[in-house]
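If you're matching positions, the sequence shown starts at 1 in UniProt numbering and goes up one per residue.
Everything below concerns the one structure shown next.
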Amino acid sequence: MEDINLTSLLAQAKDKGADEVELYYQRSKNNDLEIYQGEVDSLESANAKGLGVRTFVGDKMGFAYTANFTADALEETITEAIANAKLATADQYRKLPEGSFDYPELNIYNVKLEESSIEDKIDLALQMEEAALEYDDRIKTVMSVNYGDYNSEVRIVNSKGLDESYRSNGCYAYLYVLAKEGARQQTGRALSYGKSLDELKPIKKAKQAVENAIKLLGGQPVKSQEAPVVFTPQVGSMFMYVLAQALTAEAVQKGRSLFAGRLEESVAAKRVNIIDDGTLEEGLATAPFDDEGVPCSATELIKDGVLTNYLYDTYTANKDKVNSTGNGTRGGYRGVPGVAASNFYLAPGNKKPEEIISNVDNGFYVHKVSGLVTGGANPISGEFSVGATGQWIKDGEIEKAVSEITIAGNLIGFLEDIEELGTDLTFNPMIGSFASPTFKVKKLAISGN
1 MEDINLTSLL AQAKDKGADE VELYYQRSKN NDLEIYQGEV DSLESANAKG
51 LGVRTFVGDK MGFAYTANFT ADALEETITE AIANAKLATA DQYRKLPEGS
101 FDYPELNIYN VKLEESSIED KIDLALQMEE AALEYDDRIK TVMSVNYGDY
151 NSEVRIVNSK GLDESYRSNG CYAYLYVLAK EGARQQTGRA LSYGKSLDEL
201 KPIKKAKQAV ENAIKLLGGQ PVKSQEAPVV FTPQVGSMFM YVLAQALTAE
251 AVQKGRSLFA GRLEESVAAK RVNIIDDGTL EEGLATAPFD DEGVPCSATE
301 LIKDGVLTNY LYDTYTANKD KVNSTGNGTR GGYRGVPGVA ASNFYLAPGN
351 KKPEEIISNV DNGFYVHKVS GLVTGGANPI SGEFSVGATG QWIKDGEIEK
401 AVSEITIAGN LIGFLEDIEE LGTDLTFNPM IGSFASPTFK VKKLAISGN
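Next comes the structure, spelled out in structure tokens:
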């Protein structure tokens, strides 16, 4: 898999004085193209590889990395990691994972994607642009059409006897359009992902982006009030992103989470189940093991409304004297592991989205929010306030487009007031591997006119 001898490097690090060693090898290839007005505007391919080295001297950890695989550069990296360990503050919880592990078998690599030609990829992107322009004459501009794919290889070797690797790949297509009707205008977007070009469904996604723009044309504020709110999967997934940060053991241990000290307490409606599953094959963050070599698994964080667990990596698990949930995550070979969500989602219910809408007498159907994932929610108090755009529901039917309003509430109250859950669980790749179905909240404060 790799073009360096990791076993030899492990022994070299031990010979230089490291008590324990971990080598994290990564190689990746990414292709990205952009279409504009029927032409290829940009086409880029990037290949990268590198090695991250963690060394442990007593209770001290050091780290260094390199993308240079000459013998001298590798030796220098090991020497630097050991020197950094000796200078670090001792921390008894900072250790390599212990134990022998069984790993799930996952279908996360598709050789057919690697065999797809660049011409086929360009044609797919061109189809998206053409379909969007032809679908409705109110689409005046296709602002962005992008295609991308990745191929990643990871191998982790450590002095505890671990030596595991995996390969994964995937692709995505993204469309961003502008609709105009008189002086009114609105944007719409759609993104699809998969393990093959066939899974991207360019025509369907083009129509979805157009419809997302057109249905919000002419939106106006409504009067300030408290009312039921229905969330699309795209917006619901953004709330999952916020909740995931608060459900990490690191946030809890540092007192930066509204869920601190609430294990085994009711924090949501009984119908609410929130899960993180690193083995979910349709997820975007799926792998047999995390970035420390601990097996990925499904972790029930909120079960039937009760807070049952947090997300752990090895370090935070050692602090709480529990097992890691397999959520040790790093941004690549240049970083050390920290705890983060994998495929994090609100479990679906049994109602179709249109059925949920039909049960609303007077309420807001939110399609877009602004600022939620960039500071619009306080992870300690749970208070949130965000700008929103969508449609108003009257007597179970869509009445009109709505814009320039704010919705506000508290995340615990928000979870406790979830009344209905849809069947349409959907991941939102624009923010990572977070997913939600359509769902209805009993009431939220709406600020408008």
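We put the beta carbon where it would ideally sit given N, CA and C, even for glycine.
Return the CA-CA distance between residue i and residue j, expressed in angstroms with no decimal places.
{"i": "Ile-405", "j": "Thr-389", "result": "7 Å"}
{"i": "Gly-382", "j": "Arg-189", "result": "29 Å"}
{"i": "Glu-98", "j": "Lys-160", "result": "7 Å"}
{"i": "Tyr-166", "j": "Thr-314", "result": "20 Å"}
{"i": "Phe-56", "j": "Ile-82", "result": "7 Å"}
{"i": "Asn-5", "j": "Val-252", "result": "40 Å"}
{"i": "Glu-115", "j": "Ala-285", "result": "23 Å"}
{"i": "Phe-289", "j": "Tyr-109", "result": "15 Å"}
{"i": "Val-322", "j": "Ala-46", "result": "40 Å"}
{"i": "residue 450", "j": "Asp-19", "result": "Residue 450 lies beyond the stretch modelled for the chain, which goes from 1 to 449, so this question has no answer here."}
{"i": "Arg-334", "j": "Arg-155", "result": "14 Å"}
{"i": "Val-294", "j": "Phe-101", "result": "7 Å"}
{"i": "Ala-401", "j": "Pro-429", "result": "26 Å"}
{"i": "Ser-42", "j": "Leu-87", "result": "46 Å"}
{"i": "Phe-231", "j": "His-367", "result": "7 Å"}
{"i": "residue 486", "j": "Asp-137", "result": "Nothing in the structure corresponds to residue 486, since the chain is present only between 1 and 449."}
{"i": "Gly-338", "j": "Thr-7", "result": "25 Å"}
{"i": "Asp-3", "j": "Thr-70", "result": "10 Å"}
{"i": "Ile-407", "j": "Lys-29", "result": "41 Å"}
{"i": "Tyr-310", "j": "Gly-255", "result": "13 Å"}
{"i": "Gly-219", "j": "Gln-234", "result": "19 Å"}
{"i": "Tyr-176", "j": "Ser-196", "result": "21 Å"}
{"i": "Ala-11", "j": "Ala-209", "result": "54 Å"}
{"i": "Leu-113", "j": "Asn-107", "result": "13 Å"}
{"i": "Met-1", "j": "Leu-444", "result": "Because the pLDDT at Met-1 is just 48, under 50, the model does not fix this residue reliably, and the value given afterwards should be weighed accordingly. Using only the alpha carbons, I get a separation of about 53 Å."}
{"i": "Gly-261", "j": "Glu-39", "result": "56 Å"}
{"i": "Pro-228", "j": "Val-157", "result": "52 Å"}
{"i": "Asn-378", "j": "Gly-432", "result": "20 Å"}
{"i": "Ile-78", "j": "Ala-90", "result": "19 Å"}
Going by DSSP in three states, residue i sits in which element: helix, strand or coil?
{"i": "Asp-120", "result": "helix"}
{"i": "Pro-295", "result": "strand"}
{"i": "Gln-92", "result": "coil"}
{"i": "Pro-228", "result": "strand"}
{"i": "Asn-47", "result": "strand"}
{"i": "Glu-114", "result": "helix"}
{"i": "Val-441", "result": "strand"}
{"i": "Val-252", "result": "helix"}
{"i": "Lys-60", "result": "strand"}
{"i": "Gln-220", "result": "strand"}
{"i": "Leu-106", "result": "coil"}
{"i": "Tyr-333", "result": "coil"}
{"i": "Phe-259", "result": "coil"}
{"i": "Asp-136", "result": "coil"}
{"i": "Glu-199", "result": "helix"}
{"i": "Glu-98", "result": "coil"}
{"i": "Met-1", "result": "Its pLDDT being 48, under 50, Met-1 is placed unreliably by the model, and nothing is read from it."}
Could you check where the beta strand (DSSP E) with residue i kicks off and where it finishes?
{"i": "Phe-239", "result": "Run containing Phe-239: none in the beta strand (DSSP E); it sits in the alpha helix (DSSP H), 233 to 246."}
{"i": "Lys-140", "result": "139 to 158"}
{"i": "residue 451", "result": "Any answer about residue 451 is impossible in this case: the structure gives the chain only from 1 up to 449."}
Using a threshold of 9 Å, state whether the C-beta atoms of residue i and residue j are closer than that.
{"i": "Phe-364", "j": "Gly-376", "result": "no"}
{"i": "Arg-27", "j": "Glu-153", "result": "yes"}
{"i": "Leu-217", "j": "Gln-186", "result": "yes"}
{"i": "Ala-67", "j": "Ala-85", "result": "no"}
{"i": "Tyr-147", "j": "Leu-124", "result": "yes"}
{"i": "Ile-275", "j": "Ala-340", "result": "no"}
{"i": "Tyr-172", "j": "Leu-200", "result": "yes"}
{"i": "Tyr-345", "j": "Ser-436", "result": "yes"}
{"i": "Phe-439", "j": "Ile-418", "result": "yes"}
{"i": "Leu-372", "j": "Val-242", "result": "yes"}
{"i": "Gly-328", "j": "Glu-354", "result": "no"}
{"i": "Tyr-24", "j": "Asn-318", "result": "no"}
{"i": "Leu-96", "j": "Leu-9", "result": "no"}
{"i": "Lys-351", "j": "Glu-420", "result": "yes"}
Return the first residue and the last residue of the alpha helix (DSSP H) that residue i is part of.
{"i": "Leu-178", "result": "Taken as a continuous stretch (DSSP letters only), Leu-178 belongs to no alpha helix (DSSP H), being part of the beta strand (DSSP E) at 163 to 181."}
{"i": "Lys-207", "result": "202 to 214"}
{"i": "Thr-79", "result": "71 to 87"}
Is residue i a contact residue of the ligand HEM, with contact defined as CB to any heavy atom under 8 Å?
{"i": "Thr-55", "result": "The ligand HEM is not part of the structure shown, which contains no ligands of any sort."}
Go through the stretch 342 to 382 residue by residue and report every complete run of the beta strand (DSSP E) that reaches 3 residues or more, in order.
Qualifying beta strand (DSSP E) stretches, in chain order: 344 to 346, 362 to 370.
Where in the stretch 262 to 324 do unbroken runs of the alpha helix (DSSP H), each at least 4 residues long, occur, reported from the N-terminal end onward?
Those alpha helix (DSSP H) runs which fall completely within the stretch 262 to 324 and span 4+ residues are 314 to 320.
Could I get the ranges of all uninterrupted alpha helix (DSSP H) runs contained in the stretch 4 to 35, with 4 residues as the minimum, in chain order?
Counting whole runs of 4 or more residues, the stretch 4 to 35 contains the alpha helix (DSSP H) stretches 6 to 15.
If you scan the stretch 381 to 435 from start to end, which runs of the beta strand (DSSP E) of 3 or more residues do you find wholly inside it?
Within the stretch 381 to 435, the complete beta strand (DSSP E) segments of 3 residues or longer fall at 383 to 394, 397 to 410, 418 to 421, listed in chain order.
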